[in-house]
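The opening position of the sequence shown corresponds to residue 265 in my numbering, with each subsequent residue numbered one higher.
Notes follow once the structure below has been shown.
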Amino acid sequence: MNQLVKLRIKLSEAGLDGAIIFDELNQRYLTRFAFSDGFLLITKSKAYLVTDFRYLEMAKKSVCADFEVVTPVNRREFMHSVIKEEEIRLLGFEGETVSFAKFSRLKEDYPEVELCDIGDMVENMRQVKPDWEIELIGKSQEITDLAFSGLLSQIKPDMTEIEVAAELEYLMKRLGSEGTAFDTIAVSGDSSTLPHGVPRNCKLKKGFLTLDFGAKYGGYCSDMTRTIVIGRADSEMKELYNTVLAAQRSALEFLRAGADCGEADKAARDVIEAKAEYKGAFGHSLGHSVGLFIHESPSLSPKAFGKKLKAGNVVTVEPGIYLYGRYGCRIEDMVKIVEGGIQNFTKSTKELIEIC
265 MNQLVKLRIK LSEAGLDGAI IFDELNQRYL TRFAFSDGFL LITKSKAYLV
315 TDFRYLEMAK KSVCADFEVV TPVNRREFMH SVIKEEEIRL LGFEGETVSF
365 AKFSRLKEDY PEVELCDIGD MVENMRQVKP DWEIELIGKS QEITDLAFSG
415 LLSQIKPDMT EIEVAAELEY LMKRLGSEGT AFDTIAVSGD SSTLPHGVPR
465 NCKLKKGFLT LDFGAKYGGY CSDMTRTIVI GRADSEMKEL YNTVLAAQRS
515 ALEFLRAGAD CGEADKAARD VIEAKAEYKG AFGHSLGHSV GLFIHESPSL
565 SPKAFGKKLK AGNVVTVEPG IYLYGRYGCR IEDMVKIVEG GIQNFTKSTK
615 ELIEIC
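Dropping the structure here:
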């Protein structure tokens, strides 16, 4: 059953005659084509990709056969004709995406229909990835792993954080990435305490260097973090690193279809909190889902107790310890949830690496 059929079933269950889709990621998910000017109009019997001449040739080559590509001169008139022909009375729209101004225009332009918020209906469909999405995510992570391996052979202590981030992004592009899944993080020394730190134009500081980065392939994101050491790690740094690694392993062993998202977070958090010196030092959630967008649902967090993982979810597992004013460390893998366990996409070593 493809995405369009699944969506039609959900629209029918909600009593709707159709839906108009504006969110670009949802558009790509449903059609397998990326465009930024237009919308999808889905009725009980037809599905249209409405755009303009700039995308016509590419769309006809790329869009799945379920959709008819149209470039009407007057989109409003086209909508009226479809609404009349298909006898649409209740039309769904994405309340999370559509601005109030656009909603007001829709109401004014199409008074013959009642607009009904479908919420995160399509986003919920995107949570469970079929094989074709898993293949693209796996390729994206393969690029990310290879870029990390390439960086290790080139990184020098006298590089700047910005240079390290740029090198990672260059390597991913050379390996086939369409771009970065998010802004690359490469922070060293006391800045390694910042989970979303921004690379600086300064030479790498001794101590932990946290690298959090991801590629995009076929529109799908990857996400991994590795923390290495510039110089030599002392005993306290090794203890901290090994605690983060133990926390991650605890969570990875816990994950499986049916596992509780909040309990998964707790499995890692308990390992860290068991050591007095690290209490309160793991300040973010264990992980999030990944797909066409870098932060999807479900998440693995203290707020997610009662939410159960499903086979086909793709989530990150990224515990960290941050000792502000000193240093921080995070280790992140991206995994697919399967019955009885996980499939780990991330192949890069988790041995503590020192760059001298």
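Idealized CB from N, CA, C, for every residue including glycine.
Note that the structure is a prediction, hence the values are computed from the model and not measured.
Compare the beta carbon distance of residue i and residue j with 9 Å and say whether it is the shorter of the two.
{"i": "Leu564", "j": "Ala538", "result": "no"}
{"i": "Ile426", "j": "Cys485", "result": "no"}
{"i": "Phe477", "j": "Ala429", "result": "yes"}
{"i": "Cys585", "j": "Ala523", "result": "First, the amino acid is wrong: residue 585 is Ile here, not Cys. Not in contact: Ile585 and Ala523 (Cβ atoms no closer than 9 Å)."}
{"i": "Met574", "j": "Val462", "result": "Note that residue 574 is Lys in the sequence shown here, rather than Met. In this structure, Val462 does not lie closer than 9 Å to Lys574 by Cβ."}
{"i": "Thr448", "j": "Thr474", "result": "no"}
{"i": "Ile398", "j": "Gly576", "result": "yes"}
{"i": "Lys470", "j": "Gly453", "result": "yes"}
{"i": "Glu360", "j": "Asp395", "result": "no"}
{"i": "Lys631", "j": "Met423", "result": "Because the chain is modelled from 265 through 620, residue 631 falls outside the range shown and cannot be assessed."}
{"i": "Phe472", "j": "Tyr505", "result": "yes"}
{"i": "Asp535", "j": "Ala510", "result": "A small fix is needed here, since residue 535 is Val in this sequence, not Asp. Closer than 9 Å, so yes."}
{"i": "Leu305", "j": "Ile382", "result": "no"}
{"i": "Tyr319", "j": "Asp301", "result": "yes"}
{"i": "Val362", "j": "Phe286", "result": "yes"}
{"i": "Leu280", "j": "Val386", "result": "no"}
{"i": "Glu332", "j": "Lys310", "result": "yes"}
{"i": "Tyr542", "j": "Thr507", "result": "yes"}
Assuming residue i and residue j form a contact by the criterion Cβ under 8 Å, report the distance between their Cβ atoms to the nearest whole angstrom.
{"i": "Val554", "j": "Val581", "result": "Actually they do not touch by this definition, with Cβ atoms about 11 Å apart."}
{"i": "Ala531", "j": "Asp487", "result": "With 8 Å as the limit, Ala531 and Asp487 do not qualify as a contact, their Cβ atoms being about 20 Å apart."}
{"i": "Val377", "j": "Ile347", "result": "6 Å"}
{"i": "Thr457", "j": "Leu587", "result": "7 Å"}
{"i": "Ser404", "j": "Lys480", "result": "6 Å"}
{"i": "Gly495", "j": "Glu358", "result": "The Cβ separation is near 50 Å, so there is no contact."}
{"i": "Val599", "j": "Leu519", "result": "7 Å"}
{"i": "Gly443", "j": "Phe609", "result": "Actually they are not in contact, since the Cβ atoms of Gly443 and Phe609 sit about 19 Å apart, beyond 8 Å."}
Evaluate residue i with the Cβ neighbour count: other Cβ atoms within 10 Å of its Cβ, from every protein chain shown; 16 or more gives buried, anything less gives exposed.
{"i": "Asn290", "result": "buried"}
{"i": "Phe569", "result": "exposed"}
{"i": "Glu560", "result": "buried"}
{"i": "Pro583", "result": "buried"}
{"i": "Arg340", "result": "exposed"}
{"i": "Val314", "result": "buried"}
{"i": "Glu244", "result": "In the structure as shown, the chain starts at 265 and stops at 620, and residue 244 therefore has no counterpart that could be examined."}
{"i": "Arg533", "result": "buried"}
{"i": "Glu433", "result": "buried"}
{"i": "Pro562", "result": "buried"}
{"i": "Phe303", "result": "buried"}
{"i": "Gly356", "result": "buried"}
{"i": "Ser368", "result": "exposed"}
In terms of DSSP beta bridges, what is residue i paired with?
{"i": "Val683", "result": "Examination of residue 683 is not possible in this model, given that the chain is present from 265 through 620 alone."}
{"i": "Asp524", "result": "Lys572"}
{"i": "Met488", "result": "Phe477"}
{"i": "Ile585", "result": "Cys593"}
{"i": "Ser563", "result": "His552"}
{"i": "Cys620", "result": "Partner(s): none; Cys620 has no beta bridge."}
{"i": "Cys328", "result": "In the DSSP output, where bridge partners are listed per residue, Cys328 has none listed."}
{"i": "Ala450", "result": "Leu475"}
{"i": "Ala311", "result": "Ile306"}
{"i": "Asn608", "result": "Val599"}
{"i": "Thr424", "result": "Lys467"}
{"i": "Thr444", "result": "Ala479"}
{"i": "Gly356", "result": "Ala283, Cys380"}
{"i": "Val333", "result": "Leu313"}
{"i": "Val632", "result": "There is simply no residue 632 to check, as the chain begins at 265 and stops at 620 in what is shown."}
{"i": "Val493", "result": "Phe472, Glu618"}
Considering only C-alpha positions, which residue in the set the options is nearest to residue i?
{"i": "Asp373", "options": "Ile401, His344, Gly359", "result": "His344"}
{"i": "Glu603", "options": "Pro562, Phe299, Glu615, Glu517", "result": "Glu517"}
{"i": "Ala497", "options": "Cys593, Ile285, Asn338", "result": "Cys593"}
{"i": "Ser499", "options": "Glu360, Leu616, Ile306", "result": "Leu616"}
{"i": "Val269", "options": "Asn465, Ala323, Cys328", "result": "Cys328"}
{"i": "Leu354", "options": "Asn266, Ser300, Lys571, Ala283", "result": "Ala283"}
{"i": "Asn338", "options": "Val493, Glu321, Lys325, Asp316", "result": "Asp316"}
{"i": "Ala298", "options": "Ala521, Lys572, Ser326", "result": "Ser326"}
{"i": "Gly440", "options": "His548, Thr408, Asp330, Lys502", "result": "Thr408"}
{"i": "Ala540", "options": "Lys567, Glu503, Ser514", "result": "Glu503"}
{"i": "Lys437", "options": "Val451, Ala450, Leu410", "result": "Leu410"}
{"i": "Met389", "options": "Ser612, Glu277, Gln267", "result": "Gln267"}
{"i": "Ser612", "options": "Val451, Glu349, Leu416", "result": "Leu416"}
{"i": "Arg296", "options": "Lys567, Ile595, Arg272, Leu400", "result": "Leu400"}
{"i": "His552", "options": "Gly589, Arg513, Glu596, Ser368", "result": "Glu596"}
{"i": "Lys308", "options": "Asp330, Glu321, Pro375", "result": "Asp330"}
{"i": "Ala515", "options": "Arg590, Ile606, Glu406, Pro336", "result": "Ile606"}
{"i": "Lys571", "options": "Ala521, Leu271, Arg292", "result": "Ala521"}
{"i": "Arg513", "options": "Met501, Gly589, Lys614, His460", "result": "Lys614"}
{"i": "Arg292", "options": "Phe342, Lys567, Leu556", "result": "Leu556"}
{"i": "Ser455", "options": "Arg272, Pro375, Met322, Gly589", "result": "Gly589"}
{"i": "Glu406", "options": "Leu271, Glu288, Ala323, Leu435", "result": "Leu435"}
Does the Cβ of residue i lie closer than 8 Å to at least one heavy atom of the ligand ZN?
{"i": "Phe412", "result": "Absence of the ligand ZN is noted for the structure shown, with no ligands found whatsoever."}
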